[in-house]
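These notes are about the structure you will find just below.
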């Protein structure tokens, strides 16, 4: 069982509120999304594990049980070509829950015309594999987002 904690301070909005049909339709996987606070911040590891994918706008951490959790910082932020994102770890690094992974500013993302809403997705999971999923309106600050059974 894997408990996934929020990698961002903000308010949970649920995947259905993500302004991208692939995430909103849970095609990448089940999970939730965070509308982050609009200030310079750090996205942190949602689980203990190894960083298996690292981009300026997104990262995946896989835990000891093989559960991969994608944190995608904003929507269409790949189009920013890394501008405004500072990588604090590298692909292959072992991280602990709560460790800073990327420094970014959601307000700057918004000024660049992109949505800062950030999907947090359980990769290769079925919707019924998750329990206790935080839904729209819940505060996600330092809280558990979902449990992967």
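Numbering (full-length UniProt numbering), first residue to last: 1 to 149.
Even glycine gets a Cβ: it sits at the ideal position worked out from N, Cα and C.
These numbers were taken from a predicted model, which means no experiment stands behind them.
Continuous alpha helix (DSSP H) stretch holding residue i: start and end
| i | result |
| --- | --- |
| residue 22 | 21 to 24 |
Rounded distance between the beta-carbons of residue j and residue i, thought under 8 Å
| i | j | result |
| --- | --- | --- |
| residue 100 | residue 42 | 4 Å |
| residue 20 | residue 75 | 5 Å |
| residue 8 | residue 69 | Incorrect: roughly 13 Å between the Cβ atoms, too far for contact. |
| residue 120 | residue 33 | 7 Å |
| residue 2 | residue 93 | In fact, because the Cβ distance is near 19 Å, the residues do not count as touching under 8 Å. |
| residue 95 | residue 61 | 6 Å |
Identified DSSP bridge partners for residue i
| i | result |
| --- | --- |
| residue 117 | In DSSP, residue 117 forms no bridge with anything. |
| residue 93 | Note: residue 93 sits in no beta bridge, so no partner. |
| residue 54 | 59 |
| residue 103 | 42, 86 |
| residue 144 | 5 |
| residue 73 | BP columns for residue 73 are empty, so no partner. |
| residue 130 | 148 |
| residue 68 | 62 |
Below-8 Å beta-carbon distance, residue i vs any chain C residue
| i | result |
| --- | --- |
| residue 86 | Although the question refers to chain C, the structure presented lacks it and comprises just one protein chain. |
Range covered by the beta strand (DSSP E) that runs through residue i
| i | result |
| --- | --- |
| residue 35 | 31 to 36 |
| residue 10 | 10 to 12 |
Is the region 2 to 17 in contact with the region 51 to 58, if contact means three or more CB pairs nearer than 8 Å? Flag = no, the region 2 to 17 and the region 51 to 58 do not touch.
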